[in-house]
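Chains as they are written, first to last, in my numbering: chain A, 23 to 160; chain B, 23 to 160.
Using N, Cα and C, we set each Cβ at its ideal position, and we do this for glycine too.
Keep in mind it's a predicted model, so treat the numbers as computed, not measured.
Working notes, structure below.
There are 2 protein chains.
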Amino acid sequence: MNNYLQTHRYLLQFAIKPSVQRTAVMDYLLKNRTHPTIDEIYSALSPSMPTLSKTTVYNTLNLFLEKGAVQQLVIDEKNARYDIDMSLHAHFICKQCGKVHDIFNLKPELFEKPENTGFSIQNVEISYSGICNSCKGN
Amino acid sequence: MNNYLQTHRYLLQFAIKPSVQRTAVMDYLLKNRTHPTIDEIYSALSPSMPTLSKTTVYNTLNLFLEKGAVQQLVIDEKNARYDIDMSLHAHFICKQCGKVHDIFNLKPELFEKPENTGFSIQNVEISYSGICNSCKGN
DNA sequence: ATTAATTTTATAACGAGTACAAAGATAAAA
DNA sequence: TTTTATCTTTGTACTCGTTATAAAATTAAT
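Structure representation (structure tokens):
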């Protein structure tokens with residue numbers, strides 16, 4: 023499989039020692055830009071990787087976080103969600119279906135760290151919530 | 023007690039039927055602008071209200087939320103936090119001590135709902151994270 | 001005063017996430 | 001290659017925030 027090597031190399035860029043599990047998880051994140059939860063990742067990979075443990079998925083994503091390969095979204099009260107897209111963008115969560123969507127093309131000023139707050143700000147997270155169009159009718 | 027009546031009236035403004043417990047919780051929120059967790063509220067009130075149940079605190083804050091008297095902050099991975107300040111402001115959470123601080127005086131444009139996203143946005147939440155000055159030295 | 005409706009309370013249950021220790025896999029040394 | 005050491009994965013148990021539920025208590029209505 024060709025992708026395996028690509029993802030393998032991708033992991034090395036973040037100084038993450040590749041393993042079968044880590045490569046599978048990263049591959050899933052690269053191909054599924056849906057801000058998945060741990061459970062969604064586990065459920066998706068489990069069929070083709072029956073020995074996979076959910077603990078491994080937790081460990082793997084904590085490692086990816088440390089290494090700066092993913093960001094954790096704190097937008098969903100229920101679960102943590104993960105995003106490999108590290109570019110400046112915001113998110114929308116539908117209060118009904120719970121799906122999280124990207125919002126790109128916002129003015130870069132929105133992501134600037136405010137000055138003179140008395141805090142050393144490392145991270146900015148902009149989250150919108152409401153109802154998505156699919157849920158609108160219901 | 024004079025405050026009791028004030029808080030009582032405050033609750034009525036949001037069409038919340040006052041009770042001893044609800045008044046105590048709202049009074050706490052009005053006086054402690056620290057974005058407390060359920061547990062912090064419960065622990066603070068419990069000594070002077072020994073029969074208070076933590077479930078009541080949960081129920082009460084869910085009611086306040088429904089009635090629009092408080093907003094729930096989704097900034098702390100561990101617990102939900104609550105804020106009676108409904109004005110346009112952002113928050114900073116210290117990754118070390120976990121305290122949540124207000125950030126006022128940001129440009130109002132930051133809180134505008136982006137157009138043409140395909141979602142009906144009801145809410146905007148801007149969250150910063152990093153290390154606060156008290157934790158800086160450690 | 002009785003009855004009905006709300007609210008509070010305690011307990012149990014659920015589910016996300018972590019701790020831990022054993023088993024398995026990989027890398028290094030001999 | 002074998003042995004040894006290190007790292008990774010796995011399953012289980014556990015913690016803790018939150019919700020479900022049903023009984024008890026309080027408040028409102030008749």
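DSSP three-state label for residue i, please.
i              : result
residue 115(B) : strand
residue 56(A)  : coil
residue 141(B) : strand
residue 70(A)  : helix
residue 99(A)  : coil
residue 130(B) : helix
residue 38(B)  : coil
residue 135(A) : coil
residue 65(B)  : helix
residue 27(B)  : helix
Here's a check: name, in chain order, each residue in its chain whose Cβ is nearer than 8 Å to the Cβ of residue i, leaving out the five neighbours to either side.
i              : result
residue 195(A) : Within the shown structure, residues of chain A are numbered from 23 to 160, placing residue 195(A) beyond reach of any answer.
residue 26(B)  : 45, 49
residue 31(B)  : none
residue 68(A)  : 74
What residues match up with residue i in a beta bridge as DSSP calls it?
i              : result
residue 123(B) : 114(B)
residue 105(B) : 93(B)
residue 157(B) : Partner(s): none; residue 157(B) has no beta bridge.
residue 146(A) : 150(B)
Going by C-alpha distance, which of the options is nearest residue i?
i              : options                        : result
residue 42(B)  : 71(B), 108(B), 103(B)          : 71(B)
residue 124(B) : 88(B), 55(B), 30(B), 91(B)     : 55(B)
residue 140(B) : 139(A), 155(A), 140(A)         : 155(A)
residue 116(A) : 60(A), 35(A), 151(A), 52(A)    : 151(A)
residue 119(B) : 31(B), 33(B), 81(B), 153(B)    : 153(B)
residue 52(B)  : 39(B), 102(B), 91(B), 81(B)    : 91(B)
residue 94(A)  : 65(A), 157(A), 138(A), 122(A)  : 122(A)
residue 60(A)  : 157(A), 96(A), 102(A), 108(A)  : 102(A)
residue 81(A)  : 29(A), 64(A), 96(A)            : 64(A)
residue 137(B) : 107(A), 138(A), 114(A), 157(A) : 114(A)
Once the 5 residues before and after residue i are set aside, which same chain residues still bring their CB inside 7 Å of it?
i              : result
residue 132(B) : 148
residue 33(B)  : 40, 44, 45, 48
residue 23(A)  : Residue confidence for residue 23(A) is low, a pLDDT of 48 falling below 50, so the modelled location carries little weight and cannot support an answer.
residue 130(B) : 110
residue 78(A)  : 43
For residue i, which residues from the same chain have a beta carbon less than 6 Å from its beta carbon, with the 5 sequence-adjacent residues on both sides left out?
i              : result
residue 112(A) : 125, 128, 148
residue 83(A)  : 104
Item to complete: Could you name the residues of the stretch 83–113 of chain A whose beta carbon sits closer than 9 Å to any beta carbon of chain B, in the order they occur along the chain?
Response: 94, 96, 97, 98, 99, 102, 112
Fill in: Chain-ordered residues of the stretch 130–157 of chain B with a beta carbon less than 8 Å from chain A
Cβ proximity to chain A below 8 Å picks out 131, 132, 135, 136, 139, 140, 141, 142, 143, 144, 145, 146, 147, 148, 149, 150, 151, 152, 153, 154, 155 from the stretch 130–157 of chain B.
Worksheet item: Can you list, in chain order, the residues of the stretch 24–56 of chain B whose Cβ is nearer than 9 Å to any Cβ on chain A?
Response: none
Fill in: Against chain B: residues of the stretch 113–125 of chain A by CB proximity under 8 Å
114, 116, 117, 123, 125
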